[in-house]
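Here my numbering runs 122 ahead of the position in the sequence shown, where the first position is 1. Quick reminder that beta carbons are idealized off the backbone N, C-alpha and C, glycines included.
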Amino acid sequence: DWDGRALLRRFVLSSTYRQSSTPSEQTLAVDPGNDLLTRAHRGRRTAEMIRDGALHAAGLLATKHGGPSVFPYQPPGLWKEKSGKRYPTGRGDDLRRRSLYTFWKRTSPPPAMSMFDAPTREVCTVARQSTVTPLQTLTLWNDPQFVEVAVVLGGRAVEATDSDTARVAYLMRALTSRPPTPAEEGALLTLLAEQRTAFRSDLAAARALAEFQLEQIAHPSAKEEQPVDGATLEAQDEMIERAATAVVASALISLDAAVTRR
């Protein structure tokens, strides 16, 4: 019987697949074009892999199989310019299904997918382009889907660790599958301390980030806000920690190690 799962498992556990992408002088001399698969392929992950991988790292990826296409969050007015129609934003798990299930309108493709070189589906594509632009980093920092990932992952790190060093290691492991190098750890600890100081002087910004919810962005409602100053000091401290850690998580989402396979 055909067992696709077993075949894929054999592929990914093979010594060929698990090689480093860094060639040695010997293999580079013998196989400069990597025709003999003497090293792993190096390249940026596809748009779908980046989105789904980030959702999975935060424990947000909906694992349901099959069913009709879904409509994850997209910028307001996405369809209006081209067709005058309203984009029917989904709810609940439909906002976080695998990118495979995203409804695709060829005249108005999902902007975040296009930013990472996903084909428009207007014509067949033999191979995808792989570009690197500043707009890709801005997308990972500001797209509400990735902001939610950073907030949720940051909150999990706060709950699971009791020190800044452990918190940074938790985030790095979740997003890159490896511990941070000494240089990375130092830079991330500095960023965490700086953000903590900044949010202490701007509690409103800390609350806006710490309590970010994708559903509220996708379906705005008139929700009465409680004054931040009315929160207890303990609640304010936790809010600041969650917001500061979310910024660190956001920085790691855009890290080369998180979006590039080596």
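For residue i, which beta-bridge partners are listed by DSSP?
| i | result |
| --- | --- |
| A184 | R219 |
| R166 | T382 |
| T229 | DSSP lists no partner for T229. |
| T224 | V192 |
Classify residue i as buried or exposed, calling it buried when 16 or more other Cβ atoms lie within 10 Å of its own Cβ.
| i | result |
| --- | --- |
| R383 | exposed |
| V248 | exposed |
| S136 | exposed |
| A344 | Low local confidence applies: a pLDDT of 49 at A344 is under 50, so the model's placement there is unreliable, and no value is given. |
| F268 | buried |
| G155 | exposed |
| Q317 | buried |
| R329 | buried |
| Y139 | exposed |
| V134 | exposed |
| L260 | exposed |
| P302 | buried |
| Q338 | exposed |
| Q148 | exposed |
| D216 | buried |
Can you tell me which of the options puts its alpha carbon nearest to the alpha carbon of residue i?
| i | options | result |
| --- | --- | --- |
| T211 | V271, Y195, R219 | Y195 |
| V381 | R140, T253, L129 | T253 |
| A368 | A279, K207, G308 | A279 |
| R364 | P231, E337, D286, P301 | D286 |
| P190 | R220, K202, G277 | R220 |
| S323 | P301, A180, Q358, E333 | Q358 |
| G214 | L222, R131, A128, K186 | K186 |
| S230 | R243, R218, A272 | R243 |
| Q335 | L159, T149, S236, E270 | E270 |
| P233 | T149, N264, R300, A315 | N264 |
| A340 | A296, I172, P266, T168 | P266 |
| L377 | L200, L297, A326 | L297 |
| G199 | V192, R173, Y209 | Y209 |
| L314 | P304, A371, V273, R166 | A371 |
| Q251 | G165, A305, L275, K204 | G165 |
| P197 | A176, M235, G181 | M235 |
Just curious, the alpha helix (DSSP H) that residue i is in, first and last residue?
| i | result |
| --- | --- |
| E244 | E244 -> no alpha helix (DSSP H), and no H or E assigned at all. |
| G277 | 266–282 |
| L311 | 304–322 |
| V370 | 355–375 |
| K204 | 202–205 |
| H196 | As written in the sequence, residue 196 is Gln, which differs from the His given in the question. No alpha helix (DSSP H) contains Q196, which DSSP labels as neither H nor E. |
| A249 | Looking at the DSSP string, A249 is not in any alpha helix (DSSP H), and its letter there is neither H nor E. |
| E333 | Run containing E333: none; DSSP gives neither H nor E here. |
| D286 | 286–298 |
Would residue i count as contacting chain D if we go by Cβ distances under 7 Å?
| i | result |
| --- | --- |
| L260 | Annotation note: the requested chain D is absent from the structure, which comprises a single protein chain. |
Runs of alpha helix (DSSP H) lying entirely within the region 130–158, each at least 4 residues, in chain order: 147–152
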